[in-house]
Structures are given as C-alpha cells and as structure tokens.
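The structure under discussion appears below in the form of structure tokens.
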Amino acid sequence: MGQADRSTGDPAQGVVLTQTNNARFVIPVGSTQLRILTNANIPINLSHDPETVWRYGVKVTLLAVDGSIILDHSYHFATNLSLFQDPDSTLLQPISRYWDTPLQPLNSRAILIKLDTLRAYPNKVIVKRIDGDPTITDVVARMHCKRVQSLHKINVMWQRMRSETKERLMQSNVYPVPLTTESEIRNALAWYWEQLPPEGMAGRDFNKRVIYTHRTRGPREINHDIAPEGIPVSPYLHATLPLPEEGATISVAFTLLNAEAATVTWFWYGKGIGKRSSGIVKLTKNMGHFDLNLGGGLLELKSTEAAVLKVNRIMADGSKIDVTPKPNQSRSYMSTAKTPIEFAVRHPASAPLEFLLRIRTVLPENGDNRPSSNPAVIQLITDNGTVQKEIPIQVPPERSYYDQALHADGDLYLSEPISRYFLLPPTVTAIRIAGLKHPIMVNAFNRPFQLIRHTRVPEDYYQDSPDKASSQPNWFPLRSLNHKNHENDGRFLLLRTRSKPPRPINPAIIEGNYSWESYRPVGPWNARYLLLPKARLEPQKTGLSAAEFYPITNGRQTVEFVAPGTRNNLSPTLIFLSKTSEPRHISVSLDERPLASIERYSSRGELPLPLISAGRHTLTVKTTPPAICYINHINKPDTLPFLRRFAFTFNQGTTSFSYEKKKRERELVMLRIYSTDENPTPGRVRVRLQIDGTGIHDRSMAIGDFPAWTFIIRTFDIRIRGGERFPVLGTQSETVDMGQPVFVPLNEDLPPGRYTVHISIDESPGNAYIVLSHTRPGTAEKRKISMEDDSL
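At position 298 of the sequence shown (counting the first as 1) the number is 297 in numbering that gives the first Met the number 0, and the numbers step up by one without a gap.
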C-alpha cells in the first residue's frame, strides 16, 4: 500500500461511535433534510482486498423539543474498501485514511432523512452504533443538514471556504472562481449541505477524528472497467427481444468481454402453432454481428461467452433504429426463516380478495451447486394475529436465465419464479411467507374480486405493441407491512427481468396427433358453413377428415377416395362456388357411370353424393356455367385442403356454450371471430365473456394455493383481421375474413367439470360468426357404428 501526504486529501471531522458511546446533534430551525455519513473502521494491518465486504449498523433517533421520539430506526450497511492508483506512480492507495490512528476507514455509507415527511419537526438527532462484523473497531459519523441560508451566512461561508472546495463547488461554471458573481455564489450556497457539530465537549461527551478523503481530480479508481453499451448476455443470462406484429429486419451486434470467439444460438417464437425457427452463428472479436429478418413474436439469444449486445432495426429506407431490449425492473423482498415478509390483506366492502405471491429461490454464484429443494411456508393471518391456515410449499431451484436481483454484494442469481394464487375470505387480514432453508425473493399482488379483465386482440398478444404501456394490468403490486424497515435493511431489492419465451407446444399437436372439437351453443342458434384454408388455421393432422375439401378440376380426373376409420365405403360431398347466380347444371359420374345430376339457381352450394367404395376411381365433374369445385374424402398429399367450418351467427344477445373441462391441468379454449365487414380499414369488435359453473364455487371455498388463475369475467376489444375473403356457404355472396383468434385459458384453479361460457357482443361494424373450439393432444375416444350397405 502506497503512502501519500495530507495535501492529497480533503479533511473532515467526524464523531467516533462505539458500542457504548453515541453522538447527539441539534437540528437548526429551517432544516429540510438530514444527511448522515458513516465510515466503519478496521485495523490498518488487515487485508485490504477490494472484494471483501464488511457489515455494520447504526441506529438513528429523532427527538422532539419535549423529548418524545419522532423516529427510531436502525440502518444496516454493507461496505468495502476502494483503492486508487496515483497517476504519478504505480502505488495503490485507499480512498480515505486517518493520520492520527492506526485504523483504515472503509467506504462511506449515507442516510438521507426528509424532515417534511415526519409527523412532527425534530429538535435533536442521536446516532448510535448497534452491531457489526467483529473486525470493525468503531464507526465515524458526520452529520449534515440542508436549509435555506441567509445572505450574510452565505458571504461568511464563502469567505471561510478553502480554495479547493470553491473550485470543486463551481467546477460547472464557465468562468474561474475569481470571476464568480455574487448571484452565482448565492445559487451555489443557498441549499449547501452544512456540517453540524456534535452536542457537548470534545474529549468528554464525544471523541472526534479527522478523516482525509482523496480529491476526485487526478487519481482514478481501479478495478472498475466501463462496460460497453448494451444488454449483457452470458451462458447464465439469455437476451430476449420482442418483435412487432408486422415483423422486422434486425442487426445484432455482439461485443465479447473476455473471450476471442463465441457461439450464439438464436430462437424465434412466432404467434401460432408451428411458427418457430432457430439458427447458430459463430462470432469473433473481429466479426461480431449478424442480421435476421423475422416475423412478429419474440427472439431469444444464447451465448457461450460473456458479451454485451446491441440490436438495431433496419427500416425500409436503410436507416437504423436502436431497439436494444431493456430489462424490466421491479422490486422484490428477500425472506428467510428468521426474517419473514408479511403483507396486509384489505377487503373492499368485505368482499373476497384475489391475491398472488410470486416466489423465487436465491441461488449461489452463477446458479451452480444449487440446492435440490427449498421449502417455504405461507401463513394466512386473521385480524387477531392467529394463523388461520398454514401452507407448506416447495420453491423449485430451477435456474432462471432471464431474472436477476441487484444486491450490494453483487448480482444475485435466481430460480424460475413460481406463482401461488388465493381467493382470500374477509377473515384473512394478512399473509406471511418465509423461506425455511434458503433465502427467497417474494412479490405480492392483489386485484378486486372478479375485476373484469380487459384484453386488446391482437395487440396485447405482442410484447412490442406500440401502446403496450396503456394496457390494463392484471395484478396490482403491494408493499410489505414493514416496507421502510426492509428497504433500510437491504431486503427490498431491485429485480431485472427479461421477457420469457412462450410455453412449449405439445409435441403431439406438432406431429398432428390431436383431436379438434368445436362446441354448439346452448338453446336456439343459427349457423353457416365457412370454407377456409386449413394451412392458416392449425397444424396438419394425421389422417383425413370429412371436413377437409380439396379443389378438383372440371372434367375427367383420377382420384383416390379414402373411407373413414376401418370402413371401405363413404359418402362424399361436392361444393361448388361461382361469382354469379344463374341456372347451373352440375353432373357427376364415377368410372363413366352417372352418380348425380342437378339443376341449381345459386352461386354456391353443396351436393351430397351417394355411397361409393374407397379406392382409385375416375371422377368426372361438369358444371355449366363453369364453377370452382371441391370434394372431401380424397387423398391429395401435395395439395393443402380447405376446411368446412361450422360457425354460428353472432350479432345480438348472449350466446352460451357448454364446455367440459376433463382434467385439472390448464386447458386452452379458442374463440375465433369471423367478420363479414369488408371495409379496407379494419374496425373493431367488442366482446364480453363470462364463465359459470360449480367449479367457480369450488374455487371460492378452497381459498387457494393455486399455481395459476382463471379470469372469470373478461372483455375483448378485437381488431377485425380483414384481408383475404372466404365464402360463407348457403349465402349468395357473403364472405368472411380468416378470423381473429381469442385465447381463453381455463387454468389449474378450476377443477374438472362442466362449465358454461357466455359470450355477448357489445359492438361490431358488421355481422360476425364465431367458433368455440378446443384442441386436445393425442387420440380422442370414438364410438364405432357399422352398417351394411350397397356401394358402387
């Protein structure tokens, strides 16, 4: 450790705090803020490693004129020792030192108290040391106040001020100190931090010590390199970038921090089944960027080495816009077995309250050597302080590649969060949680009972929506009951989270092994068939369906008919489409034998055909005037089929569907709304949806500890999809768009059983059709009915 003389530091007097001695200060009238600077001190012969952390605490008590206590609070700090390198030598020196005692002051820690936030104006302040690491000998405290200074006091302060202090105070001035005007001096010193002397006599009532701090000009701090601009990424931390609905061309630039080369793997998650892609890029320090052209959704980037990345969006004119993702920031509380966190539960109008706890495990280092399990306990507290219900839980230590907590000792690595949902009755007035084995991070949220959940479709399905900030929040964050104490104790930490990829799609659905089921309304209803391209609706299902129609030509052709199941015969249906309504003759023959012949005065229609045998046949279709024809039950592997969808008219009133939830796990119901509005500028449809059933009552009685939550009442503001039009069968000219999907999850909080889904339309620029459906992975149960019949 190098030596320096006293001229290299600025002196300041402080009061020594020990376990038995405290310091008292009188607060001048007119003060608006107090600032208490503390330095813990260690023997000078101890190791001066800048990475070592020491902990200590002080207690601050504010007294009124009558001696009553206004504030009595303990503050706990973590500190270390910063070293500087003199530019004129290679010697390392601490930022602060004493010249009259063999002690080394550690880095300063500050306490700021705003006096106007207190219930009464204080007259005195008492500062006392309360605990600390055993190697800490004592603590030096300095007290400052901020108040409006009189003109006379400003002149006296300026005359007595050291020249170095004047230069530092006026360093942002254009002119040097000798040319400083009176108004500039008044502005600089009007709210100057004034150091307060301790009450009493030095040597009798308190011990003083002079601390010297390195001046900021000249020396530079070491061990803190400036990181490149951008977002960090590493093997333990992935980067994610939301992409706008219309897609984007982006340029990704990597700056490697330590390595010479790295492998970057990217994953793109689009909206819809099957919209996935990925790639691998080899990067070096000399070649650290690549471009991608992707659709709307989410991009995830993984790197084998620590790096910083920046992302630019390349516009149509070639210009670039910086779209580097910024982590979301929130606050979270650290909870242990000895320091549980408690949240108040307030019930508006004595109604039940929907409540959410989001919990993470604090992992060691980079998440390696993580614990096999981490038990925690949740307690529901009544108004008299008794525990109404105690719920043990396990917080899985699965490492998160997207979340971090900022701590004084460095970033904390966290597990993937788990959620616990409750419907708390009025008897519960507080909820308490503690990590029993390892520390956990806890966030709490609530929402009024059965608050309507509003969703804009599709805007809210894209995280990069321009007006995403105006979206209604699902849940409202809460502060703990002892928030101020937790904040001062360093247990209220900043979380940095990144957008997470969507849930993986069930492999059975991707492989086409699924059953698709639509639901018919309860009570009277009207419906039409829609003819829609399958490729844009769902993944290709294994096997053929009677709802799949393939285009065929007018004239003679060879086709292969496929019977459903194990049967060897079938009854196909022919669909014809035309732009004109006029008398039309349609004839169909099979293997040169007449099969059907009709006259229709319609632009669209269906022709059921007689029972025929499966296998290869020569099919001849003639329409006069010509029309486009489709037929089902044929095998054309190189052609994508159209689906005949049964859709229900949706105009006024309420349409109700009966839905059976078959398992406790999450089931996703899809409502697709098809609009007949042909306006080039898409309008919007506003829909209200409500779920009823005995399972809703069962959820209310269970109180909670659910892993997910279902919103019972929802409204959807849906943008009409517009674009390409498709025919409504049974009408002369009505068409619809491809339909806008709306997703309605029935989560694990709802038990298996029958539910009624009520859907009503509030506003629509035209007529609409709806389809309520559910896709189940695997092979569905089927009933087999066989009958003997003659067939061609």
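Glycine is no exception: its CB is placed at the ideal position from the N, C-alpha and C atoms.
Please read all numbers here as calculations on a predicted model, not as lab measurements.
Checklist entry - Enumerated in chain order, which unbroken segments of the alpha helix (DSSP H) with a length of 4 residues or greater are wholly contained in the stretch 86 to 167? => result 150 to 159
Checklist entry - What does a CB cutoff of less than 8 Å around N257 pick up in its chain, not counting 5 residues either side in sequence? => result E304 and A305
Item to check | Entirely enclosed beta strand (DSSP E) segments - the stretch 553 to 603, minimum 3 residues | outcome: 554 to 560, 572 to 576, 582 to 589 and 592 to 600
Checklist entry - Which whole-angstrom value describes the C-beta separation of I110 and Y74, a residue pair presumed to lie in contact below a C-beta threshold of 8 Å? => result 6 Å
Checklist entry - Using the beta-carbon count (16 or more within 10 Å), is I711 buried or exposed? => result buried
Next on the checklist: Just to confirm the assignment, what range does the alpha helix (DSSP H) spanning N487 have?
Outcome noted: H482 to N487
Checklist entry - What's the gap between the Cα of L798 and the Cα of T116? => result Not covered by the structure: residue 798. The range shown for the chain is 0 to 791.
Item to check | Extent of the continuous alpha helix (DSSP H) run through G694 | outcome: T693 to A701
Checklist entry - Terminal residues of the continuous alpha helix (DSSP H) containing S182? => result E181 to L188
Checklist entry - Since Q689 and H773 are thought to touch, with beta carbons under 8 Å apart, how far apart are those beta carbons, to the nearest angstrom? => result With a Cβ gap of about 18 Å, Q689 and H773 do not count as contacting.
Next on the checklist: According to DSSP, is P607 part of a helix, a strand, or is it coil?
Outcome noted: strand
Checklist entry - Got a sec? Which residues, its chain only, sit under 7 Å from P640 by beta carbon, not counting five neighbours each side? => result K533, E547, F548 and Y549
Next on the checklist: So, for T187: in the same chain, excluding its five sequence neighbours on each side, which residues have a beta-carbon less than 6 Å away from its beta-carbon?
Outcome noted: The sequence shown places Ala at residue 187, rather than the Thr named in the question. Around A187: L168.
Next on the checklist: What does the alpha-carbon distance come out to for the pair H288 and S277?
Outcome noted: 16 Å
Item to check | Nearest-angstrom beta carbon gap, R128 and T17 [assumed within contact, 8 Å] | outcome: 6 Å
Checklist entry - Can you tell which of D697, P500 and G202 has its C-alpha closest to the C-alpha of V15? => result G202
Item to check | Runs of beta strand (DSSP E) lying entirely within the stretch 215 to 294, each at least 3 residues, in chain order | outcome: 230 to 232, 238 to 242, 247 to 255, 260 to 269, 275 to 283 and 288 to 293
Checklist entry - Mind checking whether G295 and G269 have CB atoms under 8 Å apart? => result yes
Next on the checklist: For L536 and G614, I'd like the C-alpha separation in whole angstroms.
Outcome noted: With a pLDDT of only 46 at L536, under 50, the local geometry of the prediction cannot be trusted, and the value read off the model is given with reservation. Their Cα atoms are separated by approximately 29 Å.
Next on the checklist: Which residue wins for smallest C-alpha separation from V735, given the options I717, N766, D716 and S759?
Outcome noted: N766
Checklist entry - Which same chain residues, not among the five before or five after V727, have their C-beta less than 7 Å away from its C-beta? => result R527, L529, E733, T734 and V735
Item to check | Straight-line gap, A247 to R497 (C-alpha atoms, nearest Å) | outcome: 20 Å
Next on the checklist: On the CB-based measure, 16 or more other CB atoms within 10 Å of its CB, does M440 come out buried or exposed?
Outcome noted: buried
Item to check | For Q739 and R671, believed in contact at Cβ under 8 Å, the rounded distance | outcome: 7 Å
Item to check | Outcome for T654 when other beta-carbon atoms lying within 10 angstroms are tallied against a minimum of 16 | outcome: buried
Next on the checklist: Quick check on DSSP: helix, strand or coil for D382?
Outcome noted: coil
Item to check | C-alpha gap between P500 and A189, whole angstroms | outcome: 53 Å
Item to check | Short CB-CB distance (under 8 Å) between A22 and chain B | outcome: No chain B appears in this structure, which consists of one protein chain only.
Checklist entry - How big is the Cα-Cα spacing for M487 and K661? => result A small correction: the amino acid at residue 487 is Asn; Met does not occupy that position in the sequence shown. Going from the Cα of N487 to the Cα of K661 covers about 50 Å.
Item to check | Start-to-end residues for the beta strand (DSSP E) that takes in L352 | outcome: L352 to L362
Next on the checklist: Can you look up A545 in the DSSP assignment and give me helix, strand or coil?
Outcome noted: coil
Item to check | Contacts around A336, its chain only, beta-carbon distance under 6 Å, and the 5 residues preceding and following it disregarded | outcome: A433 and L435
Next on the checklist: Residues in the same chain with beta-carbon distance under 6 Å from I125, minus the five sequence neighbours each way, listed in chain order, please.
Outcome noted: N21, R23 and T60
Checklist entry - DSSP on K467, reduced to helix/strand/coil? => result Note that K467 has pLDDT 49, beneath the 50 cutoff, so the model's placement of it is unreliable and no number is given.
Next on the checklist: Using CA atoms only, rank isn't needed, just tell me which of H616, T572, L573 and G13 is closest to L589.
Outcome noted: H616
Checklist entry - Among S586, R141 and L450, which one has its Cα closest to the Cα of V209? => result R141
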